[in-house]
Amino acid sequence: MAGGEAWAVEVRDLDFSYPGTFGAGARVLEGCRAELPRGARALLVGGNGSGKSTALQVLAGQFLVPEGRVRVLGRPAFHDTSLVCSGALSFLGGTWRHDVAFAGYGIPHQGDFRAGDMIRKVPGVDPERCERLIRILDIDEDWSMARVSDGQRRRVQICMGLLKPYQVLLLDEITVDLDLVGRLDLLEFFRQEGEERGATVVYATHIFDGLDGWATHVVYVGDRKFQRVGEVGAIEDLAGRRLLPTVEKWLRQSREEAKEQEQGSGTQMMEPSAPSFPSRHMAFFR
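For what it's worth, the working numbering labels the leading residue of the sequence shown as 7, then goes sequentially.
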């Protein structure tokens with residue numbers, strides 16, 4: 007398969023440090039390479055602080071990187087703001103953001119309001135897709151958003167984020183508040199989106215229930231690099247094996263290697279912290 011638009015996601019020799027940090031030791035990602043085809047359901051896995059969330063934010067165009075390093079649908083994610091603004095590239099993160107979730111929909115930022123009022127106010131939505139997502143996520147449109155649980159609030163956020171069809175969807179631990187049935191139903195929805203529309207999903211998670219047989223590709227992040235990338239059946243450690251024990255083995259190996267590096271250098275390796283004002287373009291705040 008050639009480059010360009012043939013790949014849904016391309017990462018080429020990506021080095022990344024947060025703005026205001028300098029030197030090789032400040033790098034969060036280093037020499038990362040990956041290619042994901044259209045229709046892929048890719049798991050992004052790795053330990054806490056390995057760079058998964060940063061990688062997703064870079065793919066989502068939230069940080070400035072050279073145009074040739076990260077391309078989504080053949081276009082540079084940061085420089086081509088139409089990717090995000092059109093909804094072709096969509097990112098759902100792990101926090102409930104009132105400013106992003108409500109902006110532009112005529113929904114009050116404070117006070118009590120119905121879940122249905124939030125969902126139905128999103129403009130330009132296919133009614134059938136809306137009804138399908140409400141059913142899959144088991145949302146009661148009469149829910150009071152001031153009184154629902156975190157899991158119910160998360161269902162409404164996910165519904166709003168998926169109302170408009172995407173071509174590439176980036177997910178950062180969005181199912182952590184969902185119960186088992188809600189999570190499995192949502193995974194099935196993503197499977198259908200790939201099979202029916204050729205949509206690509208990149209899903210960062212630490213929860214592996216129901217993912218054996220769901221994922222088509224895996225990207226393992228360790229020591230600031232994409233250490234294992236490819237189709238599930240083509241990664242030697244995964245061939246015929248379950249995800250959970252295999253990823254556990256990778257994580258333990260990464261921990262041991264990190265300890266050996268610390269002992270060899272005589273200093274403790276510290277992860278750089280994000281600055282207060284990252285270089286994000288305005289499409290992120292839409």
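Using N, Cα and C, we set each Cβ at its ideal position, and we do this for glycine too.
- Going by DSSP, ALA40 is part of no alpha helix (DSSP H) but of the beta strand (DSSP E) stretching over 35-43.
- By the criterion of a C-beta distance shorter than 8 Å, GLY157 is surrounded in its chain by ASP183, LEU184, ASP185 and GLY188, once the five residues flanking it on both sides are discounted.
- Per DSSP, VAL182 lies in no beta strand (DSSP E) and is assigned neither H nor E.
- Straight across, the Cα-Cα distance linking SER59 with GLY122 is about 30 Å.
- The straight-line gap separating the alpha-carbon atoms of ASP21 and VAL227 is approximately 13 Å.
- Shortest Cα-Cα distance from ALA12 to any of SER23, GLN63 and ARG81 involves ARG81.
- Counted as a single uninterrupted DSSP element, the stretch harbouring SER23 is not any beta strand (DSSP E), since DSSP gives it neither H nor E.
- Residue pairing by DSSP places ASP178 opposite ALA210 in a beta bridge.
- Counting along the chain, the unbroken alpha helix (DSSP H) around LYS58 starts and ends at 58-65.
- Per DSSP, ALA48 lies in no alpha helix (DSSP H) segment; the continuous beta strand (DSSP E) that holds it begins and ends at 47-52.
- For GLN163, the enclosing alpha helix (DSSP H) covers residues 156-168.
- The Cβ atoms of ALA205 and LEU176 do not sit closer than 8 Å to each other.
- According to DSSP, SER150 shares a beta bridge with ARG120.
- Counted as a single uninterrupted DSSP element, the stretch harbouring SER96 is not any alpha helix (DSSP H) but the beta strand (DSSP E) occupying residues 95-98.
- Put simply, of ARG230, PHE84, ARG126 and HIS223 the residue whose alpha carbon is nearest the alpha carbon of GLY167 is ARG126.
- Under the DSSP assignment, VAL227 falls in the beta strand (DSSP E) whose first and last residues are 223-228.
- Only residues of its own chain outside the window of five on either side were considered, and among them LYS170 have a CB closer than 8 Å to the CB of GLY130, listed in chain order.
- Annotated as distal: ILE145 and ASP191, with beta-carbon spacing of 8 Å or more.
- A straight line joining the alpha-carbon of PHE84 with that of LEU70 spans about 6 Å.
- The residue from LEU35, ARG47, ARG33 and GLU36 with its alpha-carbon nearest to that of ARG203 is ARG47.
- Inter-residue distance for GLU36 and LEU139 is about 38 Å (C-alpha atoms, whole angstroms).
- Contact check for ALA210 against LEU89 fails: the beta carbons are separated by 8 Å or more.
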